[in-house]
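Down below is the structure, laid out as structure tokens.
There are 2 protein chains.
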Amino acid sequence: MSHLEETDTENDSEAGNSLSGDTLKILVATDIHLGYKEKDAIRGEDTFVTFEEILQQATKNEVDFILLGGDLFHESKPSPYCIQRCLELLRKYCLSDKPVSIEFLSDQSRNFLSQRVPIVNYEDPNLNIGIPVFSIHGNHDDPTGHKQTSVLDVLASTGLINYFGLWNDLSNVEIRPILLQKGKTKLALYGLSHIKDERLGRLFREKKVHLKKPDGNDWFNMLVLHQNRAARGVKNFIPDSAIPDFMDLVIWGHEHDCKIVPEVTENRVQISQPGSSVATSLASGESLSKNIGLLKVCKQEFVMIPLPLKTVRPFLIDELILENPLSNSYHSEKPSEQAVNQVKEKISQMIEEAKSKYTGPNQAPLPLLRLKVFYYSEQQQFNAVRIGMHFGGRVANPDDIIKLNSFTAKERKKNCNLNLDEDDYEKFVNISEWATSVEDVVMKYFEKDDNRKAMSVLSVKGLTEAVSRFVKHQDDDAFGRIIDKQLKDTVKQLVAMDPEVDKIEEALESIRMQRDQESSNSVQEQDIKMEEVISVSDDERGNNVTEYLLSSDDEVSPISTNTKKAAAKPNARGGRQARGSRGRGGGSTRGKRGKNDSSYGTLDSFCK
Amino acid sequence: MSHLEETDTENDSEAGNSLSGDTLKILVATDIHLGYKEKDAIRGEDTFVTFEEILQQATKNEVDFILLGGDLFHESKPSPYCIQRCLELLRKYCLSDKPVSIEFLSDQSRNFLSQRVPIVNYEDPNLNIGIPVFSIHGNHDDPTGHKQTSVLDVLASTGLINYFGLWNDLSNVEIRPILLQKGKTKLALYGLSHIKDERLGRLFREKKVHLKKPDGNDWFNMLVLHQNRAARGVKNFIPDSAIPDFMDLVIWGHEHDCKIVPEVTENRVQISQPGSSVATSLASGESLSKNIGLLKVCKQEFVMIPLPLKTVRPFLIDELILENPLSNSYHSEKPSEQAVNQVKEKISQMIEEAKSKYTGPNQAPLPLLRLKVFYYSEQQQFNAVRIGMHFGGRVANPDDIIKLNSFTAKERKKNCNLNLDEDDYEKFVNISEWATSVEDVVMKYFEKDDNRKAMSVLSVKGLTEAVSRFVKHQDDDAFGRIIDKQLKDTVKQLVAMDPEVDKIEEALESIRMQRDQESSNSVQEQDIKMEEVISVSDDERGNNVTEYLLSSDDEVSPISTNTKKAAAKPNARGGRQARGSRGRGGGSTRGKRGKNDSSYGTLDSFCK
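Order-wise, the sequence lines are chains S and Z.
Numbers 1 to 608, taken from this note's numbering, label the letters of the first sequence in order.
Numbers 609 to 1216, taken from this note's numbering, label the letters of the second sequence in order.
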């Protein structure tokens, strides 16, 4: 018989009491982004309000602890106001007389690496901790400054949170889990704070990520990490398949779309992606309903109950394709005026629609709206900001409701090689995302047969390098240096080959082939060559060349050797669901793993 | 019989126990400047080490609380590392099982204005406070950002300090003291966090600073503030005479020279100036021994025992006047080489001398040195940085040991009108100090009879305004605009007066006289005129003209109406001492005030 019952969320506090003393109750949330838009007159308090709701949910559900998956803060050096607000809230909700009934079994000095006094907060006799918080850092609140200190260190030094998952040796990652016990339930909590995706991806592929399993088979193994999960570039994400298959559950931070009900991967790992609690971009993934999770673990079973966040501002996204003025049915003589009228009407409808998303008096009433307007002719254009301002007082973001695009651009996007959907495309053209994906674009272009032979001297690798340097570092000399270097190399090889005049093209082709071969066989050698070329200007600029090369020029294909093409676990319900439903407990998922289920890989098989 | 005995500092912990339960023991410190030079490889930890020593002294002496006089932090937005270090230390020393035996009597919501939950930390049942810390903010850690938050708010929101003395209405200051009681001792602690000196000075003069005395005559009244005390400019400081004479003791922060043994002012107020615990400039005042104070208050008597800080890096300052190459006794043919040899010898001597300041293993051994070298001829100049580097590994500041000056500059400084000593002169030429004193220079110049008539059109006020704007805002148009305006005004008045041709000079003189008259009688009117002239460009620049005019153009003479030419109080020992001696308790001071001593002014007489 199962130790866990799916319980009514609303009455969960009672249900919690009826569960045995063996059930760990964990509130799971991620990407809270405190301080996002804090100077905005309308949205300034949004992140703090929702953080308070999260803490209230933790209190109401009498959880044993709160687990945060990174990006608690939006900035690595938040304003004093932002830190103050966070501390106030933590102090208000996490200190109390409520007893903490989880035993800490592992070596705290290994778990809390960044703290001078590495002690879990609830063991400090001077603090009355009611709800411990455990958090890894994300890419927004990572260590910064000359002493590489995270704002989470600031919180941890007060004893209001426990900051774990920090790892500094980037040539070899070793994760020693926090070991917790409540009754008969033993939790091994593996934390991996954010590491640059390209680098972590490489470390996974090179089997340099070691998860140190505790002795015994009776542990519930849970990993929390904060990385790109969506494939935004060839190497710029961690594929689900990289997760060791002994893991019972993964809490995946960083991705803002709420997919909190665990999905089962090909190698039968369950991944819960709670998503952000605030929309930091006006993309469709952010318009999904926002949830946090109430995770219950009993022995080796778990259930994840989505808890819809009620304070989150409604966010609607829609599009409007204006009528083509060249079509027969088009009658207006003032295309711009007609467009404005259509847009205003559409926005008014959206405002009405937003009202249906009203959850109650704790929710900020003004909605976020994003309307993508596609026009055919320039005559149809209008001042988008002015129209937005027309809705001031009725919308939370009057200055950026409308996004104007030509219809041809829309079509072009659809035909884009990268198979990006509308939103991904938007992210893609955003400079920060673009910068890490530029190599892929070049690469994909030259993968096409028609384009393969377009370059006879410069290699694809050299070109991607140069383009990337131009985009990331505004280094417009990189083209010149790389072409110069490769031209000299080519001439040298040609001279050595000494071909007949009419065989020169052929010789060039063979040199190119050879170089492509090297490029895939001996990445490192190629790196060193490239480094020589680039280092001149990097020294001048003080950039870290090695870092750069390591993180972006690897052409080894993503790990796939250890993935299992197994079906979803039979006893895992709700897997593969796109996202948690909002129903009362209806969207929850249960998982179970038998102690002696030999079909699951061990750490050794993955990353010895 | 006195309630207080001067006790041996070393054994004070025992002595403390023997004192009655009526004695409040307070550790007093100010200007700790956490984070100063935190990136310096040698000095980076200095401020944290000394802060820890201060906290250790508080623990050792079993004080009832710690009182900080501002500038706990060097920057208003300290690095995460700096905040973390501070919190760690506070947590380590201020949390404990030690009972707190002071009763809090006043309205906490009025005392802790900036806190959303205004509660003194030791009354929070969730925190085990052993030593409460009370702090005002200084000019370095004042509120900042769009929500005007001080880093002290960050600390206060954790419950590790109590941040008080904040006042936001700058047209009228009202200080409601924190009222504390221990046994029969009742302390009224008036906190005034830093306010711009010019503004506060004006408010004092206009009797708009209201200190709200509690009912009853049995209070020990103590004020803590953080302002310029030294007269760095005519209006840019708070004169001792501004302090209400009912005050029993003043703790004066901001000034870095340690004058912790209370000095008695003309109106018989005792002022203790603890000084900074770290040298943030290489001026002679910073080379005085650094102390914090152990203040004992019993009923209305007090004793201030200086506690020398032992971790502070030795700092020596000296000067070397090179021989004049034109003098008969000069023999060297290589003046520069001779200079270098002399300088090296002198620095070596200073390094030896520094060893005598060694206090023990907790002190950082490398000294700070400052050698001012004066030369007569340019042939004597040398590369000061290179010589400094010669002492790398033996000195904490090899890159700025030497300050080269021409002897004529030294002489010029001596003859300077402003009667500044060497250090003040240095501060004076520092841009930030200079900027607030520039008006005085101009003013003093034109106070001389010879210079008074030098200008016939431009007023002294106009000129100071223009010079000041040039220095502060790099506004080089200010001269043109002001001359233009005053020229037009003068012509207009001349035309109206319609003088004979040979009387024009006379008429000009009368216009000038009249303007000077207006300038002292009707400052406000003059302000408005000036504002009109300047506002054009200020609007463009986004500067706050009103603020600027309010803070620098007041020609009302410093307050003196309420000062008493009384002698030092007969029962106050050690008053007027330049600084506390390092001896065992030898430098302490006792003060006493009888309940019915009618010779002391009340608040009402000062600032009703």
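Each residue gets a CB set at the ideal place from its N, CA and C atoms; glycine is no exception.
I need the DSSP call for residue i, collapsed to helix, strand or coil.
i	result
Tyr-689/Z	helix
Met-855/Z	coil
Asn-949/Z	helix
Ser-1014/Z	strand
His-272/S	It is worth fixing the name first, because residue 272/S is Ser in this sequence and not His. Three-state result, Ser-272/S: strand.
Lys-633/Z	strand
Asn-770/Z	strand
Lys-488/S	helix
Thr-59/S	helix
Pro-398/S	helix
Glu-301/S	strand
Gln-381/S	coil
Asn-899/Z	strand
Ala-764/Z	helix
His-1081/Z	Unreliable positioning characterises His-1081/Z in this predicted model, as indicated by a pLDDT of 49, which lies under 50. The coordinate reading is nonetheless provided below. If DSSP states are grouped into helix, strand and coil, His-1081/Z belongs with the helices.
Val-886/Z	coil
Asn-221/S	strand
Ile-119/S	coil
Asp-539/S	Its pLDDT being 33, under 50, Asp-539/S is placed unreliably in this model, and the value from its coordinates should be taken loosely. The answer is helix: DSSP assigns Asp-539/S an H, G or I state.
Glu-319/S	strand
Pro-785/Z	coil
Starting from the Cα of residue i, find the closest Cα among the options and give me that residue.
i	options	result
Ile-737/Z	Leu-721/Z, Tyr-771/Z, Tyr-701/Z	Tyr-701/Z
Ile-803/Z	His-834/Z, Ser-765/Z, Lys-821/Z	His-834/Z
Ile-929/Z	Glu-941/Z, Val-948/Z, Pro-914/Z, Ile-913/Z	Val-948/Z
Thr-638/Z	Thr-1016/Z, Asn-899/Z, Tyr-798/Z, Pro-740/Z	Asn-899/Z
Val-362/S	Gly-21/S, Leu-34/S, Phe-51/S, Glu-38/S	Checking the sequence, you will find Asn at residue 362/S rather than Val. Looking at the Cα atoms, Phe-51/S is the closest of the given residues.
Phe-382/S	Lys-355/S, Glu-337/S, Leu-369/S, Phe-407/S	Glu-337/S
Glu-123/S	Phe-134/S, Val-100/S, Ser-348/S	Val-100/S
Ile-592/Z	Glu-646/Z, Lys-647/Z, Ile-634/Z, Asp-648/Z	Since the first and last residues shown for chain Z are 609 and 1216, residue 592/Z lies out of range.
His-754/Z	Lys-208/S, Glu-38/S, Leu-166/S	Glu-38/S
Ala-666/Z	Asn-729/Z, Val-636/Z, Ile-691/Z	Val-636/Z
Lys-618/S	Arg-199/S, Ser-96/S, Gly-216/S	There is no way to answer for residue 618/S, as the model of chain S reaches only from 1 to 608.
Ser-722/Z	Ile-769/Z, Leu-1071/Z, Asp-705/Z	Ile-769/Z
Val-234/S	Asp-197/S, Ile-243/S, Asn-405/S	Asp-197/S
Would you mind telling me which residues of chain A sit closer than 7 Å to residue i, beta carbon to beta carbon, in chain order?
i	result
Asp-153/S	Given the protein chain composition of this structure (S and Z), no chain A is represented.
Residues of chain Z with CB under 9 Å from residue i, in chain order?
i	result
His-146/S	Glu-646, Lys-647, Gly-652, Ser-687, Tyr-689
Gly-138/S	Here the premise fails: no neighbours, minimum Cβ distance about 15 Å.
Pro-99/S	Within chain Z, no residue comes near Pro-99/S; the closest Cβ sits about 13 Å away, beyond 9 Å.
Using the beta-carbon of each residue, which ones in chain S are nearer than 9 Å to residue i?
i	result
Val-725/Z	Glu-88, Arg-91, Lys-92
Leu-768/Z	Thr-158
Whose Cβ in chain S lies nearer than 8 Å to the Cβ of residue i?
i	result
Asn-899/Z	Chain S residues near Asn-899/Z: none, gap ~28 Å exceeds 8 Å.
Taking residue i as the query, report the chain Z residues whose CB atoms sit under 7 Å from its CB, ordered along the chain.
i	result
Cys-95/S	A quick correction: the sequence has Leu, not Cys, at residue 95/S. Result: Asn-734.
Ser-150/S	Pro-688
Ser-157/S	Gln-692, Leu-695, Glu-696, Arg-699
I want to verify the contact list: residues of chain S whose CB lies under 7 Å from the CB of residue i, in sequence order.
i	result
Gly-799/Z	Residues of chain S passing the Cβ test: none, with the nearest at roughly 19 Å.
With a cut-off of 8 Å, do at least 3 Cβ pairs link the segment 303-310 of chain S to the segment 325-332 of chain S?
-> no
Kindly confirm or deny that the segment 232-250 of chain S and the segment 275-286 of chain S touch, where touching means at least three C-beta pairs closer than 8 Å.
-> no
Cβ pair count under 8 Å reaching 3, the segment 1006-1014 of chain Z against the segment 985-996 of chain Z = yes
Between the segment 98-117 of chain S and the segment 642-653 of chain Z, do at least 3 Cβ pairs fall closer than 8 Å?
-> no
Contact between the segment 70-85 of chain S and the segment 244-254 of chain S (3+ Cβ pairs under 8 Å) = By the Cβ rule, the segment 70-85 of chain S counts as touching the segment 244-254 of chain S, because three or more pairs are nearer than 8 Å.
Count the CB pairs spanning the segment 282-290 of chain S and the segment 256-272 of chain S that are closer than 8 Å, and state whether there are at least three.
-> By the Cβ criterion, the segment 282-290 of chain S is in contact with the segment 256-272 of chain S, since at least three pairs of Cβ atoms, one from each stretch, lie closer than 8 Å.
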